[in-house]
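Each remark here refers to the structure printed beneath this line.
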Amino acid sequence: NSSPSTPSTPSTGNGVVNVINPSNFQGTINYAPENQTRLTAEQVYQKNVTSTVYITCIQDNASVLGSGVVFSEDDTYAYILTNAHVVNNGYSIEITYSNYKKSSASIVGYNTLEDIAVLSVAKNTNYTIPTNKSQKLSE
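Its first residue numbered 503, the sequence shown is counted upward by one per residue in the numbering used here.
Encoded structure:
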């Protein structure tokens, strides 16, 4: 017997719930502090969908597909977090945003042991993940 606030999707065991199709997910995600309103999976998706990108990388005459998240930006570039195995040894990387706009990307750096990579793209709009500013973060 699970309560309505218990996610019915598989958990990775580290506080992250795998939600494949958030519009079909009826529960709530229980990882907000008790004093904050919890978001449904659909609300989390809607708040962050524009920061999700699809990655096509040409490696040795083969296309490798992956995904990433725009996590930071400066005045000139937006930075995307992805997996190293998607872009390692790639010579052409194309990013497709959730609105289907495309952009070329460059590798900033990667670590194959940790399977993590950072890409940069020319900034043309604000696609980063929305974050809450908190006084407590600086204390």
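No residue lacks a Cβ here, since even glycine has one placed at the ideal position from N, Cα and C.
Asked, Found
"Is the Cβ-Cβ distance between A580 and E616 less than 9 Å?", "no"
"If I follow the unbroken alpha helix (DSSP H) through N457, where does it start and stop?", "No statement about residue 457 is possible, as the shown extent of the chain runs from 503 to 641 and does not include it."
"Could you pull out every residue in the same chain whose Cβ sits closer than 8 Å to the Cβ of T578, ignoring the five residues on either side in sequence?", "A624, K625"
"In angstroms with no decimal places, state the Cα-to-Cα distance between A607 and Q545.", "29 Å"
"Assuming V572 is part of the beta strand (DSSP E), what are its boundary residues?", "564-575"
"Please state whether the Cβ-Cβ distance between L567 and I595 is less than 9 Å.", "no"
"Could you tell me the boundaries of the beta strand (DSSP E) in which E596 lies?", "594-599"
"Relative to the C-alpha of S569, which residue among Y612, I597, E575 is closest?", "I597"
"Rounding to the nearest angstrom, what Cα-Cα distance links V643 and C559 in this structure?", "Only positions 503 to 641 of the chain appear in the structure, and residue 643 is not among them; the question remains open."
"At the level of alpha carbons, what is the spacing between V555 and Y599?", "5 Å"
"Report, in whole angstroms, the separation of the C-beta atoms of T584 and A543, which I expect to be a contact under 8 Å.", "So it is not a contact: roughly 22 Å between Cβ atoms."
"Using 10 angstroms around the beta-carbon of G592, count the other beta-carbons present and answer buried if the total reaches 16, otherwise exposed.", "buried"
"What is the residue span of the alpha helix (DSSP H) that V588 lies within?", "586-589"
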